[in-house]
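Notes follow the structure.
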Amino acid sequence: MRKILCTLFALALLAAGRTDACTNVIVTPGASADGSSMVSYAADSHGLFGELYFRPAARFRAGTALAIREWDTGRPLGSIDQVARTWQTVGNINERQLIIGETTWGGREEQADPAGIMDYGSLIYITLQRASTAREAIQTIVDLAGRYGYPSEGETFSIADPKEAWVMDLVGKGAGQKGIVWVARRIPDGYICAHANQARITRFPLDDPENCLYAPDVISFAREQGWYEGEDKDFSFRDVYNPLDFGGARACDARAWSAFNILGKGTFTYEEDGREVSRPAADWLDYAMGYDLQGEMPLWIKPAAKVGVADVAYVMRDHYEGTPMDMTQDIGAGGNGLPYRWRPMSFEWEGKRYTNERAIATQQTGFWFVAQARAWLPDEVGALIWFGCDDAATSYLTPVYASTKAVPECLREGNGDMLHYSPTSQFWMCNRVANACYKMYDRMAPVARAAAEGFERDQLERGIPEMDAKLSKLVERGRIRKARKLMTKYTVETAQAQFAAWTKLEELLLVKFIDGNIKAQAADGSFLHTEYGPGFPDKLEYGGYNDIWKAAVARDPHSPVLESK
14 MRKILCTLFA LALLAAGRTD ACTNVIVTPG ASADGSSMVS YAADSHGLFG ELYFRPAARF
74 RAGTALAIRE WDTGRPLGSI DQVARTWQTV GNINERQLII GETTWGGREE QADPAGIMDY
134 GSLIYITLQR ASTAREAIQT IVDLAGRYGY PSEGETFSIA DPKEAWVMDL VGKGAGQKGI
194 VWVARRIPDG YICAHANQAR ITRFPLDDPE NCLYAPDVIS FAREQGWYEG EDKDFSFRDV
254 YNPLDFGGAR ACDARAWSAF NILGKGTFTY EEDGREVSRP AADWLDYAMG YDLQGEMPLW
314 IKPAAKVGVA DVAYVMRDHY EGTPMDMTQD IGAGGNGLPY RWRPMSFEWE GKRYTNERAI
374 ATQQTGFWFV AQARAWLPDE VGALIWFGCD DAATSYLTPV YASTKAVPEC LREGNGDMLH
434 YSPTSQFWMC NRVANACYKM YDRMAPVARA AAEGFERDQL ERGIPEMDAK LSKLVERGRI
494 RKARKLMTKY TVETAQAQFA AWTKLEELLL VKFIDGNIKA QAADGSFLHT EYGPGFPDKL
554 EYGGYNDIWK AAVARDPHSP VLESK
């Protein structure tokens, strides 16, 4: 196995320039610790603002039109017919416990339909308003794209309800042809799936409608275009519509590999020829690093242990730590182990081209979440989204019930945007904390991470269980309005209290780590001071640099030598 010592490597790929990229993890009920379906999503884009989309349920008169704007840009695309009734949606979950996430993978340029109306973001959020189950969502997506046209690039969708979870690959048919070619596979209960900007479905069963759905022309369309000549049984969606290259593996599938590596605890347990087998995750390391594209990483694996919300959040905060792609362990991380590289991802130097790793956690995240569909609870209570803004590694998730009557002010749409700062916006406050941590990451980020995980742990162990019990009793008694009022109060007050705590955290980071110094604290959090007054720090330390940085500086001929032995 080839081993590299740093994250900079030569490349010959087109995908190296991908900078807006997302990651999803899908957990089936049988694989989760509490029996819920889960989907995680990091909406990564340099231009996406973190806010919580809120659309109350509504009824409409016949003939009502719905204006469509492209999610990424706000560009008007046209209008479609509105339906008579819509479900309430909060972020990427609706009141019926349907969850949808996505990652974009481009595809063949000739498959874009510039005249299409239903872009991928509109497909997600309109489908959430109209469908109540995963299977309904798949059909709704197909119908909308078929009727109105699909202008976006190739996508992989995560689609889950309380009973089952699906992964769906889709892409348009090109100019003048409405609709999409697609395939959707139900993830076996007890398994997990992950995808990250690379089509994941290769070969699929043609005669198993209970577990695999696909466009009638998914194969014939490829034949008509001259892209496939083999037998139907050997057809691979990924290989035809999004052929894997070095960048697709290293910048994209590597993140899915890392999610599997973490939740599988170094082992991939998966189905092969009708039987379950287990192999070390390292067997696919060369594949993930782009050195051997002949192998095929499993579409899903069985986790080593039942998966909880905290486990999925941990995955979403990953930078390949402990693997050969660890972004904290090379000179690009600087003297304080910063696991981020500023864009562009690639550069040229002395005739060679290089690129940086692209991990799950990244600096340009607009928002991220872990959403749960919980079958043992009434829909009004079971639909829950843990929502966060900005870089997952240094931000927190706050719980939001999908049947809430309002969203917190810190997450309200219109409370700031990418060009206008708002001191009451969670997105901007999380960015303040994250950007503070970037200057001395190995010392500062653990403080933010501990604060985030502590808050989430308290809500998982105490806040949500207590609220679930209260709300379920109210729903059972038919007191739905009171239940919604109570969950709204909890959702808003919890989010706003944590926002206030994050504001204080930013102040703490400034005082504690100002100018590269580290001020000591007592067990109660107060700063230690000398006997001469409360404003004189005691036991002051200096951050310094890690050994990787010291060694690099020592090798630089321009570095001054103080003493030579």
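For the sequence shown, my numbering begins at 14 and goes up steadily by one. Even glycine gets a Cβ: it sits at the ideal position worked out from N, Cα and C. A quick note: this is a predicted structure, and the numbers were derived from the prediction, not measured.
Suppose you measure from the CA of residue i to the CA of residue j; what does that come to, to the nearest Å?
i: Lys16; j: Ala295; result: With a pLDDT of 31 at Lys16, under the threshold of 50, the modelled position of this residue cannot be trusted; read the value that follows with caution. Taking the straight line joining both Cα atoms gives about 12 Å.
i: Thr336; j: Arg121; result: 32 Å
i: Met587; j: Gln211; result: Examination of residue 587 is not possible in this model, given that the chain is present from 14 through 578 alone.
i: Leu518; j: Ala447; result: 11 Å
i: Ser92; j: Ala128; result: 12 Å
i: Gly192; j: Ile477; result: 41 Å
i: Trp240; j: Gly260; result: 21 Å
i: Val325; j: Ile154; result: 26 Å
i: Gln124; j: Lys525; result: 53 Å
i: Gln238; j: Gly556; result: 60 Å
i: Thr501; j: Ala262; result: 43 Å
i: Tyr353; j: Thr407; result: 12 Å
i: Ala564; j: Ser572; result: 11 Å
i: Ile81; j: Tyr163; result: 12 Å
i: Asn444; j: Arg490; result: 43 Å
i: Ala46; j: Val383; result: 14 Å
i: Phe248; j: Ile200; result: 20 Å
i: Gly395; j: Lys483; result: 13 Å
i: Met329; j: Trp381; result: 9 Å
i: Arg251; j: Glu309; result: 11 Å
i: Ala567; j: Thr437; result: 45 Å
i: His542; j: Gly548; result: 7 Å
i: Asp404; j: Arg462; result: 11 Å
i: Gln190; j: Ala56; result: 29 Å
i: Arg475; j: Asn428; result: 30 Å
i: Gly104; j: Gly134; result: 12 Å
i: Leu473; j: Glu363; result: 52 Å
i: Thr516; j: Leu298; result: 40 Å
i: Tyr300; j: Pro218; result: 24 Å
i: Trp84; j: Gly187; result: 20 Å
i: Arg236; j: Glu466; result: 51 Å
i: Tyr227; j: Arg198; result: 9 Å
i: Gly287; j: Gly321; result: 28 Å
i: Gly546; j: Ser539; result: 14 Å
Is it true that the CB of residue j sits closer than 8 Å to the CB of residue i?
i: Glu393; j: Ile493; result: yes
i: Ser435; j: Arg497; result: no
i: Asp551; j: Ala535; result: no
i: Glu166; j: Glu426; result: no
i: Glu108; j: Ile137; result: no
i: Gln62; j: Met431; result: A small fix is needed here, since residue 62 is Phe in this sequence, not Gln. Yes.
i: Ile151; j: Ile314; result: no
i: Thr411; j: Ala508; result: yes
i: Asn530; j: Gly348; result: no
i: Pro293; j: Gly279; result: yes
i: Tyr409; j: Gln511; result: yes
i: Met457; j: Ala449; result: yes
What whole-angstrom Cβ distance do residue i and residue j have, given they're in contact under 8 Å?
i: Val231; j: Ile214; result: That belief does not hold up - the Cβ atoms of Val231 and Ile214 are roughly 10 Å apart, past 8 Å.
i: Ala267; j: Ala207; result: Wrong, their Cβ atoms sit about 11 Å apart, outside the cutoff.
i: Thr146; j: Leu183; result: Between Leu183 and Thr146 the Cβ distance is about 18 Å, and since that is not below 8 Å, they are no contact.
i: Ala323; j: Leu276; result: With 8 Å as the limit, Ala323 and Leu276 do not qualify as a contact, their Cβ atoms being about 12 Å apart.
i: Thr504; j: Pro391; result: Wrong, their Cβ atoms sit about 16 Å apart, outside the cutoff.
i: Asp94; j: Ala78; result: 7 Å
i: Ile106; j: Phe170; result: So it is not a contact: roughly 14 Å between Cβ atoms.
i: Met181; j: Gln385; result: Not confirmed; about 20 Å, so no contact.
i: Gly350; j: Asp221; result: With a Cβ gap of about 47 Å, Gly350 and Asp221 do not count as contacting.
Among the options, whose alpha-carbon lies nearest the alpha-carbon of residue i?
i: Ser49; options: Ala144, Ala178 and Ala326; result: Ala178
i: Arg148; options: Ser135, Tyr138, Asn255 and Ile172; result: Ile172
i: Asn37; options: Gly87, Asp471 and Asp331; result: Asp331
i: Ile398; options: Phe250, Asn369, Leu487 and Asp174; result: Asp174
i: Asp161; options: Asp85, Val505, Met131 and Gly321; result: Before going on, a small fix: residue 161 reads as Tyr here, not Asp. Checking every option, the nearest Cα to that of Tyr161 belongs to Met131.
i: Arg371; options: Ser271, Thr437, Asn444 and Leu410; result: Ser271
i: Tyr254; options: Gly119, Gln385 and Gly243; result: Gly119
i: Met480; options: Phe380, Val413, Ala464 and His433; result: Val413
i: Leu141; options: Asp126, Phe170 and Trp100; result: Trp100
i: Ala374; options: Gly546, Arg568, Thr437 and Cys402; result: Cys402
i: Arg387; options: Glu242, Cys35 and Val40; result: Val40
i: Tyr4; options: Leu523, Asp202, Ala188 and Arg236; result: In the structure as shown, the chain begins at 14 and stops at 578. Residue 4 is therefore absent and cannot be evaluated.
i: Arg74; options: Arg98, Pro42, Gly159 and Asp258; result: Arg98
For the ligand NAD, any of its heavy atoms closer than 7 Å to the Cβ of residue i?
i: Ala212; result: Absence of the ligand NAD from the depicted structure is noted, as is the absence of any ligand whatsoever, leaving it without description.
If we define contact as Cβ-Cβ less than 8 Å, is residue i a contact residue for chain D?
i: Asn428; result: The chain labelled as chain D is not found in the depicted structure, where only one protein chain is given.
Contiguous beta strand (DSSP E) assignments of at least 3 residues, all confined to the stretch 59 to 140: 78 to 82, 89 to 94 and 112 to 119
At what residue ranges does the stretch 262 to 286 contain a whole run of the alpha helix (DSSP H), taking only runs of 4 or more? 267 to 276
4-residue-minimum alpha helix (DSSP H) runs that sit fully inside the stretch 463 to 511, ordered along the chain: If only uninterrupted alpha helix (DSSP H) runs of at least 4 residues are considered, those enclosed by the stretch 463 to 511 are 477 to 489.
Taking only runs that begin and end inside the stretch 311 to 394, name each unbroken alpha helix (DSSP H) of 4 or more residues, in chain order. 322 to 329
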